[in-house]
Amino acid sequence: MQIIHRISERVDGQIQNQLSEIGIEVERGLVTFEIDESHPSWKKLEPMISAWRSVDIVTTKFTANELKNATYLRMAPRWHHGYPQPDGDFGYRTVSYNLANFCSTCGIGKRQTSPIRLKGEPKWGRRHFLQLNWIFDEYFVRPEVWEDLFEPIGVGCLPVVDHRTGKDLRTVVQLDIMKTESALQISDDQPFDTCTHCGRKKYRAITRGPFPSFDVTPTSPIQKTKEYFGSGGSAWNAIVVSSDLFRQISDRKLKGVHFIPCDRMTS
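In numbering that gives the first Met the number 0, the protein residues as written are 0 to 266.
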């Protein structure tokens with residue numbers, strides 16, 4: 000496992016010299032570079048980027064064995080394609096969701112009741128999974144992927160509608176993913192926000208290390224967490240899959256997603 004920092008900073012002569020002194024050579028101007036925490040310069044760099052308030056995007060790279068040996072894994076998107084329709088003033092919410100329990104301040108509480116609408120057929124390229132912008136807890140797949148992989152294991156699908164014509168699209172379906180009742184084993188120091196309007200809790204996205212596992216092992220091969228994640232007005236449930244489903248996706252070389260092992264806490 001590698002913890003990787005993608006650092007962005009506007010570098011002047013002073014910052015350039017400070018970086019050079021710890022073995023990091025960069026040009027002046029707006030610079031982005033990556034460094035993992037095993038790098039010999041990391042311990043010296045860490046307080047510097049904190050003092051400079053640099054943009055620091057943290058990701059984790061896992062080994063093949065870490066992925067293979069995980070009982071459950073979070074499924075995360077490799078790309079986002081398009082927006083749900085209508086996209087003006089987030090109009091898709093009123094078209095596709097029941098908003099009786101929705102909080103516009105934190106984004107928690109909408110419940111899908113009608114098909115998601117798109118401008119047209121997705122431009123898949125060589126990919127098989129996609130997520131839309133704004134909807135970070137639903138996955139869309141090619142119909143043949145659902146028929147071959149998900150239908151046999153009891154995962155349903157929902158139609159996706161062409162917003163202009165109102166007809167079902169032919170090259171995409173939405174996976175019908177249920178929410179689990181099992182809580183995640185989230186550490187006490189995981190940052191979260193409590194909404195000032197509705198009082199509900201939303202965790203910051205977990206990008207460092209493994210994703211939490213469940214208190215009780217789910218029975219479904221794919222499920223949404225009951226906990227919400229996100230920031231500002233965006234809220235989403237993470238999608239977690241079983242090791243068997245992970246292997247089937249990997250064996251078929253399906254593209255568009257990547258995986259983060261879930262780690263069970265020990266007392």
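No residue lacks a Cβ here, since even glycine has one placed at the ideal position from N, Cα and C.
query                                                                                                                        : result
Selection from R251, P142, K200 and A69 that minimises the alpha carbon distance to A234                                     : K200
Reduced DSSP secondary structure (H/G/I, E/B, other) of N236                                                                 : coil
Within 7 angstroms, strictly: CB atoms of V172 and W145                                                                      : yes
Buried versus exposed call for E143 [16 or more other C-beta atoms within 10 Å across all chains shown]                      : exposed
Those runs of the alpha helix (DSSP H) which lie wholly inside the segment 34-111 and span at least 4 residues               : 41-51, 63-67 and 91-95
8 angstroms contact criterion, which G255 and W41 should meet: CB distance rounded                                           : About 32 angstroms; that fails the 8 angstroms criterion.
Proximity to F149 [Cα-Cα], best of V25, V57 and V240                                                                         : V240
Buried versus exposed call for M264 [16 or more other C-beta atoms within 10 Å across all chains shown]                      : Note on M264: pLDDT 47, under 50, position unreliable in the model; no value is reported.
Secondary structure of S230, DSSP reduced to three states                                                                    : coil
Three CB pairs or more closer than 8 angstroms across the segment 201-209 and the segment 78-96                              : no
Residue from S37, I14 and K43 with nearest C-alpha to I21                                                                    : K43
Residues of its chain near T31, where Cβ-Cβ distance is below 6 angstroms and the 5 sequence neighbours each way are ignored : S7
Neighbourhood of A69 by C-beta distance below 7 angstroms, restricted to the same chain and skipping five residues each side : S242, P260 and C261
Supposed contact pair D55 and I2 - C-beta distance, whole angstroms, cut 8 angstroms                                         : At roughly 11 angstroms, the Cβ-Cβ gap does not stay under 8 angstroms, so I2 and D55 are not in contact.
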